[in-house]
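K.L.:
After the structure tokens below, expect a handful of questions from me.
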Amino acid sequence: MMESGDYNSMGSNRTTNDDQQQQDARRNRKVDYRFLIPSRDAGAIIGKGGKTIQDLRLKHHCQIQMADCESPERVLIINGDQKDVLNCISDILLSIYENHQRSTKSDQSEIRALIHQSQAGALIGKGASRVKEFREKHNIDVKIYPQCCPGGSTERCISMRGNKDDVIRCLTEVYSVLDGVPPRGPYRCYDPSTYNGFNVSDYGGYADNHQHLRANNPYGQPQGYPQYGGGYNPLLHQNGPVTTTQVTIPTELAGIIIGAKGAKISQVRQESGASIKIDSEPMPGTNDRLITITGNPSQIQQA
Numbered sequence: 097m098m099e100s101g102d103y104n105s106m107g108s109n110r111t112t113n114d115d116q117q118q119q120d121a122r123r124n125r126k127v128d129y130r131f132l133i134p135s136r137d138a139g140a141i142i143g144k145g146g147k148t149i150q151d152l153r154l155k156h157h158c159q160i161q162m163a164d165c166e167s168p169e170r171v172l173i174i175n176g177d178q179k180d181v182l183n184c185i186s187d188i189l190l191s192i193y194e195n196h197q198r199s200t201k202s203d204q205s206e207i208r209a210l211i212h213q214s215q216a217g218a219l220i221g222k223g224a225s226r227v228k229e230f231r232e233k234h235n236i237d238v239k240i241y242p243q244c245c246p247g248g249s250t251e252r253c254i255s256m257r258g259n260k261d262d263v264i265r266c267l268t269e270v271y272s273v274l275d276g277v278p279p280r281g282p283y284r285c286y287d288p289s290t291y292n293g294f295n296v297s298d299y300g301g302y303a304d305n306h307q308h309l310r311a312n313n314p315y316g317q318p319q320g321y322p323q324y325g326g327g328y329n330p331l332l333h334q335n336g337p338v339t340t341t342q343v344t345i346p347t348e349l350a351g352i353i354i355g356a357k358g359a360k361i362s363q364v365r366q367e368s369g370a371s372i373k374i375d376s377e378p379m380p381g382t383n384d385r386l387i388t389i390t391g392n393p394s395q396i397q398q399a
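Going by the working numbering, the letters in the sequence shown line up with residues 97 to 399, in that order.
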């Protein structure tokens, strides 16, 4: 081992080689890769009598787990070396795509990978430079959701949506970045049984009314990401033009408006027909949170 004062070009090359060897070792070891999927896609992954998932295990030499859950989303866990896992995910996306073709003509695929919260900054980059690079380089929509998954989880979600092969290339690069940024701090995996339908738009979950985006909108919001927190209501366009109103409330009142497990605000949405979003964090420099209400004039007034 060389002293720091002897750090010359040979030492630099040796350090670089050591770093590369460490990253290669991470790629080749068998680890858990975790993904968030909508429950309605589980059947396409499992297959009739479990045939599809068994074929995937044998073909890619991976362990694949997907616990049953009554929530609208599940966690897909694939254990294997990185190359095998990526090939497995490519086949899974193809199965889901073929299943979707029965009901939609969209040519888009999406994967939502779960990462430790301490790794998100490395993927975002300074001034969001790296996530922008992912989008431009691979010509897909990439979004890193701002909040951790519910239930005290330390996992955040990164969504990649576009052409299947482009998505896999981007996912490969994402994992390449993460190979050099091991998680820091406790790791608490997301359990979908703690699903919270109220803040799916903040952590990247799937809403009950999950729908696909139109095929001609490759850079729109990721599927299952409701634009106004409460989902888009197709009745908004009836009975007058749709407008948006914003009001502020003290942060301490937010819980009263939201109600237990979002029950109160869900009731207001249902009764008024308006789309309502309450920001998860106070506005900068204030203790106030912003409420955005969208609908026709009568819906806004009722809300």
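Using N, Cα and C, we set each Cβ at its ideal position, and we do this for glycine too. Treat the numbers as computed from the prediction; the structure is a model and nothing was measured.
1. Can you tell which of I142, I141, R130, G300 has its C-alpha closest to the C-alpha of I240?
2. Spell out a yes or no on whether the region 164-180 and the region 124-138 are touching, meaning 3 or more CB-CB pairs, one atom from each, closer than 8 Å.
3. If we ignore side chains and look at the alpha-carbon of each, how far apart do A350 and D375 end up?
4. Alpha helix (DSSP H) containing G351: first to last residue?
5. What do you get for M256, buried or exposed, if any count of 16 or more other CB atoms within 10 angstroms of its CB means buried?
6. Going by DSSP, what residues sit across from G258 in a beta bridge?
7. Can you list, in chain order, the stretches of the alpha helix (DSSP H) that have 4 or more residues and sit fully within the region 220-278?
8. Going by DSSP, what residue range makes up the beta strand (DSSP E) through K155?
9. Alpha carbon to alpha carbon, what distance is there between A370 and G391?
10. From the DSSP secondary-structure annotation, give me the bridge partner or partners of K373.
11. Please return the same chain residues whose Cβ sits closer than 7 Å to the Cβ of N383, not counting the five positions on each side in sequence.
12. Go to R365, then tell me how far its alpha helix (DSSP H) extends in each direction, as first and last residue.
13. Using the three-state DSSP reduction, which class does T344 fall into: helix, strand or coil?
14. Taking its Cβ as the centre, do 16 or more other Cβ atoms sit within 10 Å of D164, making it buried, or is it exposed?
15. M162 and I192 - do their beta-carbons sit closer together than 8 Å?
16. How about S249 and Y291: do their beta carbons lie closer than 8 Å?
17. Residues in the same chain with beta-carbon distance under 6 Å from I173, minus the five sequence neighbours each way, listed in chain order, please.
18. How many Å lie between F294 and A218 at the Cα?
19. Could you check where the alpha helix (DSSP H) with N195 kicks off and where it finishes?
20. Less than 8 Å separating the beta-carbons of D262 and H234?
21. Among the candidates R265, L132, Y302, A138, whose CA atom is the shortest distance from the CA of E400?
22. Out of curiosity, what's the CA-to-CA distance linking A209 and S289?
23. I need the DSSP call for P288, collapsed to helix, strand or coil.
24. Distance check for T268 and H156, CA to CA, integer angstroms please.
25. Classify K147 as buried or exposed, calling it buried when 16 or more other Cβ atoms lie within 10 Å of its own Cβ.
26. Below 8 Å between beta carbons: does that hold for I387 and Q342?
27. Report the three-state DSSP secondary structure of N295 (helix, strand or coil).
28. Once you ignore the five residues that flank T340 on each side, which residues in its own chain have a CB closer than 8 Å to its CB?
P.N.:
The answer reads as follows:
1. The count along the sequence shown starts at 1 and reaches residue 240 at position 144. The residue with the shortest Cα to Cα distance from I240 is G300.
2. yes
3. The count along the sequence shown starts at 1 and reaches residue 350 at position 254. The count along the sequence shown starts at 1 and reaches residue 375 at position 279. Going by the C-alpha atoms only, they are around 9 Å apart.
4. Start at 1 with the first residue of the sequence shown, and residue 351 comes out as number 255. Taken as a continuous stretch (DSSP letters only), the alpha helix (DSSP H) holding G351 covers 347-354.
5. Your numbering for residue 256 matches position 160 in the sequence shown. That one is buried.
6. Your numbering for residue 258 matches position 162 in the sequence shown. Beta-bridge partners of G258 (DSSP): S205.
7. Secondary structure remark: continuous alpha helix (DSSP H) runs of at least 4 residues inside the region 220-278, in chain order: 225-234, 260-275.
8. Taking the first residue of the sequence shown as 1, we reach residue 155 at position 59. K155 -> not in any beta strand (DSSP E); alpha helix (DSSP H) instead, spanning 147-156.
9. Translated into the one-based positions of the sequence shown, residue 391 becomes position 295. Translated into the one-based positions of the sequence shown, residue 370 becomes position 274. Near 5 Å, if we compare the C-alpha coordinates of A370 and G391.
10. Numbered from 1 along the sequence shown, position 277 holds the residue referred to as residue 373. BP columns for K373 point to T388.
11. Start at 1 with the first residue of the sequence shown, and residue 383 comes out as number 287. Excluding positions up to five away in sequence, the list reads P346, T347.
12. Taking the first residue of the sequence shown as position 1, residue 365 is located at position 269. Looking at the DSSP string, the run of the alpha helix (DSSP H) that includes R365 is 359-368.
13. Within the sequence shown, the letter at position 248 stands for residue 344. Correct three-state label for T344: strand.
14. Taking the sequence shown and counting its residues from 1, the one referred to as residue 164 is at position 68. Flag for D164 reads exposed.
15. Here residue 192 is taken as the residue at index 96 of the sequence shown, counted from 1. Here residue 162 is taken as the residue at index 66 of the sequence shown, counted from 1. Contact flag unset, no.
16. Translated into the one-based positions of the sequence shown, residue 249 becomes position 153. Translated into the one-based positions of the sequence shown, residue 291 becomes position 195. Contact flag unset, no.
17. As a working mapping, residue 173 is identified with position 77 in the sequence shown. The residues are D128, R130, Q161.
18. By one-based count along the sequence shown, residue 294 stands at place 198. By one-based count along the sequence shown, residue 218 stands at place 122. Using only the alpha carbons, I get a separation of about 28 Å.
19. Your numbering for residue 195 matches position 99 in the sequence shown. Note, N195: alpha helix (DSSP H), 178-196.
20. Sequence index remark: in the sequence shown, residue 262 carries index 166 (1-based). Sequence index remark: in the sequence shown, residue 234 carries index 138 (1-based). Yes, Cβ-Cβ distance for D262 and H234 is below 8 Å.
21. Coverage of the chain is limited to positions 97 through 399, which leaves residue 400 absent and any answer about it impossible.
22. As a first step, residue 209 must be located in the sequence shown, where it is residue number 113. As a first step, residue 289 must be located in the sequence shown, where it is residue number 193. A209 and S289: Cα-Cα distance of roughly 18 Å.
23. Indexing the sequence shown from 1 puts residue 288 at position 192. Helix at P288.
24. What you label residue 156 is simply residue 60 of the sequence shown in a count that begins at 1. What you label residue 268 is simply residue 172 of the sequence shown in a count that begins at 1. Roughly 16 Å between the two C-alpha positions.
25. Here residue 147 refers to the residue found at position 51 of the sequence shown. Exposed, by the Cβ-count rule.
26. As a first step, residue 387 must be located in the sequence shown, where it is residue number 291. As a first step, residue 342 must be located in the sequence shown, where it is residue number 246. Yes.
27. Within the sequence shown, the letter at position 199 stands for residue 295. Helix at N295.
28. Start at 1 with the first residue of the sequence shown, and residue 340 comes out as number 244. Only T388, I389, T390 meet the Cβ criterion.
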